[in-house]
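In the numbering used here, the protein residues as written are 5 to 162.
We put the beta carbon where it would ideally sit given N, CA and C, even for glycine.
Report on one structure; see the data block that follows.
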């Protein structure tokens with residue numbers, strides 16, 4: 005039997021500069037994302053769309069969410085598969101195309117995890133498990149664009 009999981013967040017626009025959305029330039033795109041007692045995430049739009057470059061934009065959050073989902077599943081599969089990961093870093097990137105009418109869509113996300121495994125762990129298994137993650141990561145499975153992975157596996161130096 006399939007289990008259902010529900011996620012509830014709150015998004016509050018904090019960008020009313022006094023006249024609301026009276027004109028395109030009259031308001032800030034700033035907002036806060038919260039979920040229960042967790043610390044709020046300061047959000048805005050991409051600076052290309054009049055957003056605050058010091059705040060996370062939805063595009064940042066989408067790319068980071070896919071990366072985090074991949075990482076968490078990868079770590080799980082490594083633990084089950086007897087591959088000891090001692091370090092994991094990713095520098096993912098996403099490509100979004102903006103159309104002439106202002107609409108947009110992501111066309112790809114590329115994950116670039118750098119994984120250090122303990123001496124004695126199998127590097128080929130560590131590499132293969134990155135491919136297996138795509139069977140499990142709910143975020144990569146849910147998007148309508150390709151998510152590719154270019155892992156680098158290194159053996160821990162004693």
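| query | result |
| --- | --- |
| Quick check on DSSP: helix, strand or coil for residue 13? | coil |
| So, are the CB atoms of residue 76 and residue 89 less than 9 Å apart? | no |
| Is the region 50 to 70 in contact with the region 33 to 42, if contact means three or more CB pairs nearer than 8 Å? | yes |
| Can at least three beta-carbon pairs, one atom from the region 86 to 100 and one from the region 124 to 140, be found at a separation below 8 Å? | yes |
| Could you check where the beta strand (DSSP E) with residue 191 kicks off and where it finishes? | This structure cannot speak to residue 191, because the chain is shown only from 5 to 162. |
| Using DSSP with H/G/I as helix, E/B as strand and the rest coil, what is residue 53? | helix |
| Any chance the region 38 to 48 sits against the region 93 to 100, with 3 or more Cβ pairs inside 8 Å? | no |
| Determine whether the beta carbon atoms of residue 60 and residue 45 lie at a separation below 9 Å. | yes |
| Where residue 142 and residue 85 are concerned, what is the direct C-alpha to C-alpha distance, given to the nearest angstrom? | 20 Å |
| For residue 118, which residues does DSSP report across the bridge? | 93 and 156 |
| Our contact map puts residue 120 next to residue 158 with C-beta atoms below 8 Å; I'd like the distance itself, whole angstroms only. | 5 Å |
| Based on the DSSP secondary-structure assignment, which residues constitute the bridge partners of residue 108? | 102 |
| Does residue 94 pass the burial test, meaning 16 or more other C-beta atoms within 10 Å, or should it be called exposed? | buried |
| Once you ignore the five residues that flank residue 150 on each side, which residues in its own chain have a CB closer than 6 Å to its CB? | 112 |
| So, is residue 134 buried or exposed, given that buried needs 16 or more other C-beta atoms within 10 angstroms? | buried |
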